[in-house]
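> Residue numbers (the working numbering): -11 to 208.
Just so it is clear, CB atoms sit at the ideal spot from N, CA and C, and this is done for glycine as well.
No experiment lies behind these values; they were computed from the predicted model shown.
Before we start, here is the structure in question, set down as C-alpha cells.
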C-alpha cells in the first residue's frame, strides 16, 4: 500500500482536475481508511450525490464509487489495476459521468424505459413531496440509472436516519421491484413486484404509506 500511496500522492492529474464541475465540488482526500486509500471525490452535498476514486488493497485495484442519496454502487468502467490505466479512463470518461450526475436528460435513458412510459406516468403528480418524514428524492419523470440494468423510479428518503424506500425498474427482467433501507441496511420489498405500470400504480397507492410507516416504527 505504501508504494501506491506514494505514487498517488505524486500524481500530476490531481493538480489538473477542475475544482468545480456543475454542482459538484472537488475534494482531494489522500486518506487511508481500513484497506482502502481514498484519492479524490466530487461531491454535491445539496443533492446527496458524489463520485469517488479509491484504491483497494485487498483487490489491488483502483475503482470508482457513485453515491446517489442512500444508494451507492461501484462504476465497473473504472476498475483497473494501475494508475496509468486509471488516468486514461478518467480523461476519457470523468466529464461524461459527472455530466450525467449533474443533469438529467431523457436522451440518456434506455429505449425500454421510454416504451414503458415511466417518465410520462401521470401518477407522479399524486406522489406527496414528503410523507411520514420521508422526502421524495427521486421521481418517475427523472429515473436514475444504477447497476445491473436497474433504474430508480421512486425514492423516499430520511437522510438523517439513513433509511428509505426505493422502487426500481429493471430493463433486463422488464420488472418493477422494491427495496427498503433501514439505518443503511437494505431489505428486499416484494410487495411492489410487477411487470405492469398500471398494476404498480395500484400497489403504490395501496401500500406506499403503510410501508413507510413500518420503516418509521422500526426507526423509533
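Could you compute how far the alpha carbon of residue 74 sits from the alpha carbon of residue 27?
As a working note, residue 74 is residue 86 in the chain shown. As a working note, residue 27 is residue 39 in the chain shown. Their backbone Cα atoms lie some 12 Å apart in a straight line.
> Please check the pair residue 168 and residue 175, which I expect to be a contact at CB under 8 Å, by giving their CB distance rounded to whole angstroms.
The residue given as residue 168 occupies position 180 in the chain shown. The residue given as residue 175 occupies position 187 in the chain shown. With a Cβ gap of about 5 Å, residue 168 and residue 175 count as contacting.
> Looking only at its chain, what residues have a beta carbon closer than 6 Å to the beta carbon of residue 41, apart from the 5 residues adjacent to it on each side?
Here residue 41 refers to the residue found at position 53 when the chain shown is read from its first residue. Excluding sequence neighbours, residue 41 sits near 27, 28, 52.
> With a threshold of 8 Å on Cβ separation, who are the neighbours of residue 35 within its own chain once the five nearest residues in sequence on each side are excluded?
Translated into positions along the chain shown, residue 35 becomes position 47. Excluding positions up to five away in sequence, the list reads 11.
> Going by DSSP, what residues sit across from residue 262 in a beta bridge?
A query on residue 262 cannot be resolved here, the shown segment of the chain reaching from -11 to 208 and no further.
> According to DSSP, simplified to helix, strand and coil, what is residue 47?
On the chain shown, residue 47 is found 59 positions in, with the first residue counted as 1. In the structure shown, residue 47 adopts coil according to DSSP, grouped into three states.
> Within 8 Å, do at least three Cβ pairs link the stretch 96 to 103 to the stretch 74 to 85?
Output reads no: the stretch 96 to 103 does not touch the stretch 74 to 85.
> Comparing C-alpha positions only, which one of -2, 143, 31, -7 sits nearest to residue 8?
Along the chain shown, one-based indexing puts residue 8 at 20. Of the candidates -2, 143, 31, -7, the one whose C-alpha sits nearest the C-alpha of residue 8 is 31.
> Quick check on the DSSP output: the alpha helix (DSSP H) that includes residue 187 runs from which residue to which?
Sequence index remark: in the chain shown, residue 187 carries index 199 (1-based). 185 to 207 is the extent of the alpha helix (DSSP H) around residue 187.
> Could you tell me whether the stretch 180 to 187 touches the stretch 149 to 169, where touching means 3 or more Cβ pairs closer than 8 Å?
Result yes; three or more Cβ-Cβ pairs closer than 8 Å.
> Would you identify the three-state DSSP class for residue 147, choosing helix, strand or coil?
As a first step, residue 147 is located in the chain shown; it is residue number 159 there, counting from the start. Residue 147: helix per DSSP, three-state reduction.
> Give the straight-line distance between the Cα atoms of residue 71 and residue 49, rounded to the nearest whole angstrom.
In the chain shown, the residue the question calls residue 71 occupies position 83. In the chain shown, the residue the question calls residue 49 occupies position 61. Their backbone Cα atoms lie some 9 Å apart in a straight line.
> From 142, 172, 171, pick the residue whose C-alpha is nearest to that of residue 188; which is it?
Looking up residue 188 in the chain shown gives position 200. Comparing Cα positions, the closest option is 142.
> Identify which residue in 66, 172, 46, 22 has its Cα closest to the Cα of residue 207.
Indexing the chain shown from 1 puts residue 207 at position 219. Checked all of 66, 172, 46, 22; the closest Cα to residue 207 is 172.
> Could you check which residue in 127, 45, 132 has the C-alpha nearest to that of residue 110?
Locating residue 110 in the chain shown gives position 122, counting from the first residue. Closest by C-alpha distance to residue 110, out of 127, 45, 132, is 127.
> Mind listing, in chain order, the continuous alpha helix (DSSP H) runs of no fewer than 4 residues lying wholly within the stretch 77 to 139?
The alpha helix (DSSP H) runs lying completely inside the stretch 77 to 139 and spanning 4 residues or more are 99 to 103, given in chain order.
> Measuring straight from C-alpha to C-alpha, what distance separates residue 196 and residue 38?
In the chain shown, the residue the question calls residue 196 occupies position 208. In the chain shown, the residue the question calls residue 38 occupies position 50. The alpha-carbon atoms of residue 196 and residue 38 are separated by roughly 28 Å.
> Helix, strand or coil: which one does DSSP assign to residue 0?
On the chain shown, residue 0 is found 12 positions in, with the first residue counted as 1. Looking at residue 0 - three-state DSSP - the assignment turns out to be coil, as it is neither helix nor strand.
> For residue -8, which residues in the same chain have their Cβ closer than 6 Å to its Cβ, ignoring the five residues on either side in sequence?
For the purposes of this step, residue -8 is taken as the residue at position 4 of the chain shown. Within the same chain, residue -8 has close Cβ partners 43.
> Quick one, which of 82, 204, 60 has its alpha-carbon nearest residue 1's?
Here the question's residue 1 lines up with position 13 in the chain shown. Nearest of 82, 204, 60 to residue 1, Cα basis: 82.
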